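*Asks:* Before I ask anything, here is the structure I am working with.
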Amino acid sequence: MVDLKALIQAMSDLDEDVLNKAIDEVLSKDDNAAEVQEIVKACQQGMTLVGERYDSGEYFIGDLVFAGEVLQNVMDKLKPALSADSSAKGGKIVLATVFGDLHDIGKNIFRSMVEAAGFEVIDLGINVPVNQIVDRVKEVNPDIVGLSGVLTLALDSMKETVDGLAEAGLRSSVKVIIGGVPVNEVVCKSIGADSFSTNAAEGVKICQRWVG
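Structure (structure tokens):
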């Protein structure tokens, strides 16, 4: 079995060499489904530590960007094995950084982690207007809509998006999760979302509970 503590530490330290070596070793085995899932969990925990190191001032924006790239590379390598594991299947998520906000680091990290958990993600990108999100929800009929934003003004766009889904008669059929620096429980209630998260790993757990 892989050394999970070492993998968590490697993800936290952004040590690609250690991660790749462990992944290659697991992928070389025939019966690797359980270990692949453990690697995903270890990387999620490692990303939580990355976030903590950023919050404490030890890491900077550049480190978060690199962390997202490392995680994406890990998930790309694991994706064939995850796709073959029926237990990893999740729901469908439409994901976007809302209108007026161009930040996508947090969104991309969440996307990588939720894809690794087996979800199908339709990522609409950044600065996405309400009508585009509503139209796509109509088109693909997702289980969840994920709205991301870093700027305070993004909160207005999040509320407008939730209201737009309601006006289109779609609100009762999807769960809405919001994420980003300015969100909290009070904001979540005022926007009308079902839940919020400022931590990608916790956000994944919330989505898993909704489709479980």
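Just so we're aligned: the sequence shown equals residues 78 to 289 in the working numbering. We put the CB at the ideal spot given by N, CA and C, even for glycine. Owing to the predicted nature of the structure, the values given are computational and were not obtained by experimental measurement.
#1: What three-state label does DSSP hand residue 274 in the structure shown?
#2: Would you call the CB atoms of residue 223 and residue 197 closer than 9 Å?
#3: Name the DSSP beta bridge partners of residue 141, please?
#4: Buried or exposed: residue 80, going by 16 or more other Cβ atoms within 10 Å of its Cβ?
#5: According to DSSP, is residue 269 part of a helix, a strand, or is it coil?
#6: Which full runs of the alpha helix (DSSP H) of 4+ residues lie inside the segment 223–256, going along the chain?
#7: Answer yes if the segment 97–115 comes into contact with the segment 127–136, meaning at least three C-beta pairs across the two stretches below 8 Å, and no otherwise.
#8: What number of angstroms, rounded off, separates the C-alpha of residue 188 from the C-alpha of residue 200?
#9: Can you have a look at residue 157 and say buried or exposed, based on whether 16 or more other CB atoms are within 10 angstroms of its CB?
#10: Unbroken alpha helix (DSSP H) runs of length 4 or more, entirely within the segment 166–209: which are they?
#11: Would a C-beta distance cut-off of 9 Å place residue 193 and residue 155 closer than the cut-off?
#12: Would you mind reading off the limits of the alpha helix (DSSP H) that contains residue 97?
#13: Just curious, the alpha helix (DSSP H) that residue 128 is in, first and last residue?
#14: Would you grab the beta carbon distance between residue 202 and residue 227 for me? Rounded to a whole angstrom, and I think it's under 8 Å.
#15: Nearest by alpha-carbon distance to residue 282: which of 242, 216, 190, 234 is it?
#16: Could you tell me whether the segment 179–187 touches the segment 241–251, where touching means 3 or more Cβ pairs closer than 8 Å?
#17: Return the chain-ordered list of same chain residues with a C-beta closer than 6 Å to the C-beta of residue 234, the five sequence neighbours on each side being excluded.
#18: Is it right to say residue 263 is buried, meaning 16 or more other beta carbons lie within 10 angstroms of its own, or is it exposed?
#19: Verify whether the separation of the beta carbon atoms of residue 84 and residue 119 is less than 9 Å.
#20: Please report how far the alpha carbon of residue 225 lies from the alpha carbon of residue 277, in whole angstroms.
#21: Please work out which residues of its chain come closer than 7 Å, Cβ to Cβ, to residue 115, disregarding the five sequence neighbours upstream and downstream, and give them in chain order.
#22: Taking the alpha helix (DSSP H) that residue 90 belongs to, which residues open and close that run?
*Replies:* According to the data block:
#1: Secondary structure at residue 274: strand, using DSSP grouped into helix, strand and coil.
#2: Contact: no.
#3: According to DSSP, which records beta bridges pairwise, residue 141 is partnered with nothing at all.
#4: With fewer than 16 neighbouring CB atoms inside 10 Å of its own CB, residue 80 falls in the exposed class.
#5: Of the three classes helix, strand and coil, the one that applies to residue 269 here is coil, per DSSP.
#6: The segment 223–256 contains these whole alpha helix (DSSP H) runs: 231–244.
#7: Between the segment 127–136 and the segment 97–115, the count of C-beta pairs closer than 8 Å stays below three; the two stretches do not touch.
#8: Cα-Cα distance, rounded: 8 Å.
#9: When all chains shown are included, residue 157 counts as exposed.
#10: Taken in chain order, the whole alpha helix (DSSP H) runs of length 4 or more contained in the segment 166–209 are 182–193.
#11: Taking 9 Å as the cut-off, the Cβ atoms of residue 193 and residue 155 count as close.
#12: Looking at the DSSP string, the run of the alpha helix (DSSP H) that includes residue 97 is 93–104.
#13: Run containing residue 128: 110–132, per the alpha helix (DSSP H) assignment.
#14: Cβ atoms of residue 202 and residue 227 stay farther apart than 8 Å, at about 15 Å.
#15: With respect to the C-alpha of residue 282, the residue from 242, 216, 190, 234 having the closest C-alpha is 190.
#16: Short answer: they don't touch.
#17: Take residue 234, set aside five residues on each side of it, and the residues of its chain with a beta-carbon closer than 6 Å to its own are 175, 176, 177, in chain order.
#18: By the neighbour-count rule (16 or more Cβ atoms within 10 Å), residue 263 is not buried but exposed.
#19: In contact: residue 84 and residue 119 (Cβ atoms closer than 9 Å).
#20: For residue 225 and residue 277, the distance between alpha carbons rounds to 11 Å.
#21: Same-chain partners within the cutoff: 79, 81.
#22: Residues 81–90.
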